[in-house]
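In this text, residue positions in the sequence shown follow the UniProt record's numbering: the first is 1, and each later residue adds one.
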Amino acid sequence: MHLDHISHLEPRIAELAKQGMSQRQIAATLQISVATVNRKLHKVMPPVV
Numbered sequence: 001m002h003l004d005h006i007s008h009l010e011p012r013i014a015e016l017a018k019q020g021m022s023q024r025q026i027a028a029t030l031q032i033s034v035a036t037v038n039r040k041l042h043k044v045m046p047p048v049v
């Protein structure tokens, strides 16, 4: 499994999301799945209600 490779991307995912990038754009930029981006965003930035 490549979870180690993913965990170091968490700050990058959060950074791109804060810049207003969509999850699909982030996934394409980092070459990971949208599902992975979703999971990581929930971890680093809980959804705002």
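Note that the Cβ used here is the ideal one computed from N, Cα and C, for glycine as well.
In whole angstroms, what is the alpha-carbon distance linking residue i and residue j?
i     : j     : result
LEU9  : GLN31 : 11 Å
GLY20 : ILE26 : 10 Å
PRO11 : ARG39 : 13 Å
LEU41 : SER22 : 11 Å
Please classify residue i: is it buried, with 16 or more other beta-carbons within 10 angstroms of its beta-carbon, or exposed?
i     : result
LYS43 : exposed
LYS18 : exposed
Leaving out five residues before and five after residue i in sequence, what residues of the same chain have Cβ atoms less than 8 Å from its Cβ?
i     : result
SER33 : ALA27
Kindly give me the distance between the Cβ atoms of residue i and residue j, rounded to whole angstroms, as I take these residues to be in contact under 8 Å.
i     : j    : result
THR36 : ILE6 : 6 Å
Closer than 6 Å by C-beta to residue i: which residues in its own chain qualify, once you throw out the five before and the five after it? Chain order, please.
i     : result
LEU16 : ILE26
ARG24 : VAL34
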